Every structure is written in C-alpha cells, then in structure tokens.
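In my numbering, the protein residues as written are 232 to 742.
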Ligand SMILES: Cc1cc2nc3c(=O)[nH]c(=O)nc-3n(C[C@H](O)[C@H](O)[C@H](O)COP(=O)(O)OP(=O)(O)OC[C@H]3O[C@@H](n4cnc5c(N)ncnc54)[C@H](O)[C@@H]3O)c2cc1C
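Take a look at the structure:
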C-alpha cells in the first residue's frame with residue numbers, strides 16, 4: 232500500500248453486474264487495506280433477465296476459483312453449445328451459430344476455404360456439419376471435455392443458460408464470504424466534490440452517507456452515477472438495431488433440455504427460447520414502431536410450449552453505449568454502461584470484459600487519465616464488436632414478408648461491417664481487427680447461415696489436392712457424427728454431476 236492507494240470502493244447496484252464486480256474485486260483486492268461495499272435496493276429490484284451466456288464465462292469462474300458443478304447447480308443452469316437461428320435469412324430457413332472450431336485448417340489454409348471450394352463442386356451440408364458443438368447440440372448430447380480430451384471432442388466449446396436471480400445470489404454469497412460489505416437501501420442523492428466533480432459520497436433514504444474513492448455504477452439502465460450525476464451522455468444505435476422493447480415470460484417444459492438457445496425471427500423482431508433446469512425462459516424482442524406491446528405479448532404467449540409460470544414482464548431499452556464507460560472516479564458496468572439487445576447473449580460478457588480491464592488498469596487516488604483513456608478505448612471497441620456482429624443478423628435478411636425486415640435489409644450499416652461483408656462476398660475472407668470477441672468461425676457461420684454466399688474462394692486453396700481434401704472433409708465430418716453418438720445426453724450429463732435437485736449419485740463422465 233502507498234499513500235495513494237484506493238481504500239474504499241463502492242459498488243452501486245446488486246444485479247448481475249454489481250455482484251460480478253463485487254465477487255471479482257473481493258478476490259483481486261484482497262490486500263488488507265481496500266474495502267469493497269455494495270449498495271442495493273430490494274425495493275427497486277433487478278432487471279431479472281439475462282439467462283444466456285457465451286464461453287468466456289468459464290474463465291470468469293476459473294479466475295474466481297468457482298467449481299463449475301457448484302455454479303451450475305446453484306444457478307439451475309444448463310449447458311449451451313450455440314444458438315439455433317430459425318427464420319433468419321429467409322422464412323423457413325434455420326442455421327446454427329456453434330461455439331468452437333470449424334473443422335481443421337490444412338497447411339495453413341482456413342477450413343472454411345476448403346469447404347467453399349468443395350461446395351462449389353458438389354452439394355454440401357451446412358458448414359456446421361464440421362462443428363463438434365453443433366453435432367452434439369443437434370443430437371441433444373453434451374459432455375464437458377476433460378483436459379485429456381482428444382480431437383474432435385477437444386473442439387467442443389460451451390457456455391451456460393442460467394437463472395439470473397440465482398446467479399446474483401450465488402455471487403453475493405461468494406463476495407460476502409470474501410469480505411464485501413452489503414448495504415441495503417435506496418440511494419436518494421449523490422454528492423460531488425466541488426473542486427473536480429468527482430463523486431464523493433452517496434446518500435441513502437435512511438439518511439446514511441457512504442463515501443468512497445472509486446465508484447462502480449451497476450445501477451442498471453438508470454445510470455445513477457454515470458448519467459444522472461455525471462451527465463456522461465449516451466450514443467444511440469437505434470438506426471442499426473431498431474428493437475426497443477422486450478417481453479419476458481417463463482414457462483414449464485417437459486423432456487430433455489436442449490443444449491442450445493433458439494432465436495426465432497418473428498414479424499417485427501424475434502423470440503428467444505432458453506432452457507434452464509427448472510423452466511424455459513422465453514422472450515419477444517421487438518420494435519415498437521411495428522407492433523404494439525399488447526400484440527407482442529399475445530404473439531409470445533401463443534408461441535409458448537408449456538404452461539405460463541409468471542406474468543409476462545415488459546421491458547423498454549435504448550440500444551447504444553455510454554459515451555465514456557469510465558468518467559472521473561466512476562466506472563459504469565452492465566446496463567448502466569450500455570446495451571446491445573440479447574441476440575448473441577453478450578451483456579454479461581461485457582460486464583466480465585469491464586471487470587477484467589478494471590483489474591488490469593486499476594487506478595490509485597490520483598486517477599491518472601492514461602488508465603481511464605485506455606479503459607474507455609478498449610470498452611468502446613468491445614461494444615462495437617458486439618454491435619456490428621449483431622447488426623449483421625439484421626442486415627443480412629432477405630425476408631420480404633414484413634415491413635420491419637425489409638427495412639432492416641435495406642438499412643445503411645457501419646463502414647467496418649460493410650467491408651467485412653464485402654470481403655466475405657468476394658472470396659470468403661474474414662479479417663479481424665486484433666483479437667475480436669467473435670472469432671472467424673462465428674462470422675463464417677452467420678454469414679453463410681444468412682445466405683451471404685461468396686462469389687469465389689481464396690486461390691490459395693488450389694495448392695491443395697482436390698481429391699485428398701474431399702476425402703479429409705468426409706473423414707472429419709464422420710468423426711464429429713461418431714463422437715456425438717458416444718456422448719451422454721445433455722440431461723444425463725446434468726443428472727450425473729450438477730443437477731439442482733438430484734437423486735442421482737454424482738459421477739463424472741470421463742471423456
Ligand atoms: C430483454 C433483455 C434480455 C437480456 N438477455 C440477456 C442474455 O440472454 N444474456 C446476457 O448476457 N444478458 C442479457 N441481458 C442483459 C442482462 O440482463 C444484464 O446485462 C445484467 O442482468 C446486468 O444487469 P445490471 O446488473 O446492470 O442491472 P440490474 O439488474 O437492473 O441491477 C441494477 C441494480 O441497481 C440497484 N439500484 C438501482 N437504483 C438504485 C438506487 N437508487 N439505490 C440503490 N440501488 C439501486 C437495483 O436495486 C439493482 O440491484 C438482457 C437484457 C434485457 C433487457
């Protein structure tokens with residue numbers, strides 16, 4: 232510790248973002264002099280949605296030293312191998328955005344280029360026939376690949392579907408056990424330092440004042456500190472991502488949980504279907520200029536597969552990002568820092584990305600602008616990567632059965648995304664700017680899935696013998712099928728080691 236070290240961190244908000252930040256900081260600021268306090272208001276509550284995740288959450292659990300089976304059990308989670316998109320591209324079509332690798336590159340040539348040449352010669356199945364995650368997903372199978380897993384099982388990548396409320400509770404237990412102090416109460420005022428406008432303290436309805444040096448704003452869409460107190464400003468993305476409402480409605484389901492999310496395009500938006508152990512999460516994300524709230528709710532409820540378990544909940548949002556994620560001594564995380572609709576399940580990941588960067592750039596009480604500016608630069612990039620990938624799904628839409636989709640198909644898009652699409656349309660190439668969140672395989676699966684078909688393939692493929700490549704492709708494809716066949720069902724795997732209420736004795740599948 233030195234005289235400038237931060238000693239008081241105050242987290243405002245106890246939703247998924249607040250408790251993720253609290254859990255991570257309790258672990259990383261375990262230095263004997265930094266206190267972490269979290270303030271939340273039961274009266275205000277949390278947003279209560281946010282059920283689908285992407286694979287990096289595994290690293291978050293690892294960093295905290297959380298046992299994955301304990302986490303799955305506590306959050307009633309299931310495993311997610313990707314997203315099935317139904318009626319995207321054209322009505323009646325479906326494709327899979329699978330996690331993990333696609334096939335294997337040969338002599339440095341990307342696998343999808345080999346596939347594109349082969350596809351130009353003969354009818355081929357979808358490219359995800361070369362994905363271990365997709366092969367398992369479509370047969371309802373799952374097993375966690377162990378450290379010794381061999382090809383192709385070692386290519387299986389997964390994330391989770393979970394109960395957001397239980398996740399916050401689970402993290403709260405973890406954080407409090409590691410020294411985080413929780414204060415229940417509603418913040419009614421924020422006091423700024425007169426000399427520089429930094430946040431000095433927050434005042435609760437009870438009259439209690441809580442001072443701090445670093446504040447993390449996890450107060451949800453309202454952005455209590457970052458916006459209401461500091462007026463940071465918001466960059467709206469509605470011209471590219473026009474959906475602005477959602478209705479969430481859980482229902483019962485029977486049978487085995489699918490190890491994937493389903494996103495079905497409807498007339499003026501789309502519907503999610505997310506199975507967790509205890510129920511099916513459903514929601515309709517839509518554009519209020521094209522459908523009324525009542526009609527959107529009617530459509531959702533009429534599509535449910537089981538009995539409605541709770542009253543449908545209506546949510547309003549503005550897609551975009553806070554102009555600065557870090558302003559003065561306030562760092563916004565979660566919904567207070569921005570929101571991209573949940574089509575690719577990225578919000579919880581952006582919280583994780585913010586936490587990782589805060590730990591890497593942790594300030595002292597002098598608040599060197601270097602750390603703040605680098606943090607803001609990186610978070611802007613993270614948000615824009617997510618934004619562009621999600622816009623792709625809307626832009627690459629050829630449906631002409633609804634005004635909404637025709638408008639999306641005709642819209643202008645950000646330049647970087649337009650270039651990416653044109654590069655792919657030309658010779659199937661995908662270029663990344665650094666280590667992007669969605670890897671090449673994800674872009675290829677969604678571009679092909681939504682009928683962006685390259686006019687040619689990379690000429691480098693012609694250096695490889697056609698007959699040998701053809702044989703190798705067939706060999707790999709069969710390998711995925713055979714391996715999926717040997718796996719336990721998703722339900723069997725959960726029952727074996729991580730069922731929320733299980734009568735089945737715990738026993739790990741060794742694979
Ligand atoms: C329709 C929809 C679907 C989504 N689906 C997904 C998904 O599938 N995957 C995914 O990763 N993300 C998803 N998200 C996003 C996800 O829900 C959020 O990123 C995540 O829950 C984090 O929310 P939060 O903690 O920032 O905010 P909230 O859950 O709103 O929590 C805010 C906290 O601040 C507290 N608070 C606010 N004001 C005060 C005050 N004055 N005094 C004291 N406390 C206060 C509240 O009590 C609460 O504890 C979805 C979001 C929406 C809208």
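All C-beta atoms in this analysis are idealised placements derived from N, C-alpha and C, irrespective of residue type, glycine included. Since the model is a prediction, treat every value here as computed from it, not as a measurement.
Spatial neighbours of residue i in its chain, beta-carbon cut-off 8 angstroms, leaving aside the 5 residues before and after
i: residue 424; result: 430, 431
i: residue 667; result: 616
i: residue 730; result: 304, 508
i: residue 233; result: 595
i: residue 356; result: 708
i: residue 695; result: 337, 338, 340, 345
i: residue 412; result: 266, 267, 268, 269
i: residue 419; result: 434, 435, 436
Per DSSP, cross-strand counterpart(s) of residue i
i: residue 551; result: 467, 570
i: residue 315; result: 327, 493
i: residue 505; result: 512
i: residue 434; result: 420, 440
i: residue 243; result: 270, 448
i: residue 517; result: 476, 500
i: residue 539; result: 482
i: residue 562; result: 447, 557
i: residue 720; result: 372
i: residue 412; result: 268
i: residue 283; result: 392
i: residue 310; result: 391
i: residue 544; result: 479
i: residue 337; result: 340
Best match in the options for proximity to residue i [C-alpha to C-alpha]
i: residue 288; options: 711, 563, 581; result: 581
i: residue 473; options: 306, 521, 696; result: 521
i: residue 693; options: 310, 471, 349; result: 349
i: residue 259; options: 724, 663, 588, 661; result: 588
i: residue 433; options: 455, 412, 413, 367; result: 455
i: residue 679; options: 658, 697, 712, 698; result: 658
i: residue 317; options: 700, 681, 686, 704; result: 681
i: residue 687; options: 371, 501, 405, 351; result: 351
i: residue 478; options: 487, 514, 613; result: 514
i: residue 416; options: 320, 392, 268; result: 268
i: residue 295; options: 256, 313, 502; result: 256
i: residue 614; options: 673, 601, 554, 642; result: 554
i: residue 510; options: 272, 535, 240; result: 535
i: residue 545; options: 529, 251, 537; result: 529
i: residue 547; options: 570, 484, 541; result: 570
i: residue 541; options: 558, 525, 516, 512; result: 512
i: residue 437; options: 302, 380, 272, 327; result: 272
i: residue 237; options: 249, 262, 315; result: 262
i: residue 537; options: 516, 517, 506, 527; result: 506
Close Cβ partners of residue i (< 7 angstroms) along its chain, the five nearest in sequence each way excluded
i: residue 735; result: With a pLDDT of only 41 at residue 735, under the threshold of 50, the placement of this residue in the model should not be trusted; the figure read from the coordinates follows. So the list reads 726, 727, once near-sequence residues are dropped.
i: residue 390; result: 284, 285, 286, 288, 311, 330
i: residue 560; result: 429, 430, 444, 445, 446, 598
i: residue 246; result: 277, 278, 399, 449, 451, 565
i: residue 384; result: 363, 376, 714, 742
i: residue 539; result: 480, 482, 532
i: residue 336; result: 342
i: residue 468; result: 550, 551, 618
i: residue 556; result: 562, 563, 568, 585, 606, 607, 610
i: residue 235; result: 595, 596, 597
i: residue 648; result: 619, 622, 623
i: residue 660; result: 654, 689
i: residue 519; result: 475, 476
i: residue 395; result: 247, 279, 280, 281, 282
i: residue 407; result: 413
i: residue 313; result: 327, 328, 329, 330, 364, 365, 368, 491
Below-8 angstroms beta-carbon distance, residue i vs any chain B residue
i: residue 580; result: Here there is only one protein chain, and chain B is not present.
Other residues of its chain near residue i: CB distance less than 6 angstroms, five sequence neighbours each side excluded
i: residue 498; result: 633
i: residue 669; result: 620
i: residue 628; result: 636, 639, 640
i: residue 270; result: 243, 414
i: residue 360; result: 708
i: residue 386; result: 331, 332, 363
i: residue 626; result: 644
Distance cut-off 7 angstroms: residue i Cβ against heavy atoms of ligand 3
i: residue 407; result: Summarising the ligand content, the structure contains ligand 1 and does not contain ligand 3.
List in chain order: all unbroken beta strand (DSSP E) runs of 3+ residues lying wholly within the region 362 to 393. 390 to 392
Ignoring anything shorter than 4 residues or poking outside the region 656 to 696, list the alpha helix (DSSP H) runs there in chain order. 671 to 680
In chain order, what are the residue ranges of uninterrupted alpha helix (DSSP H) at least 4 long that sit wholly in the region 578 to 635? 578 to 591, 600 to 626
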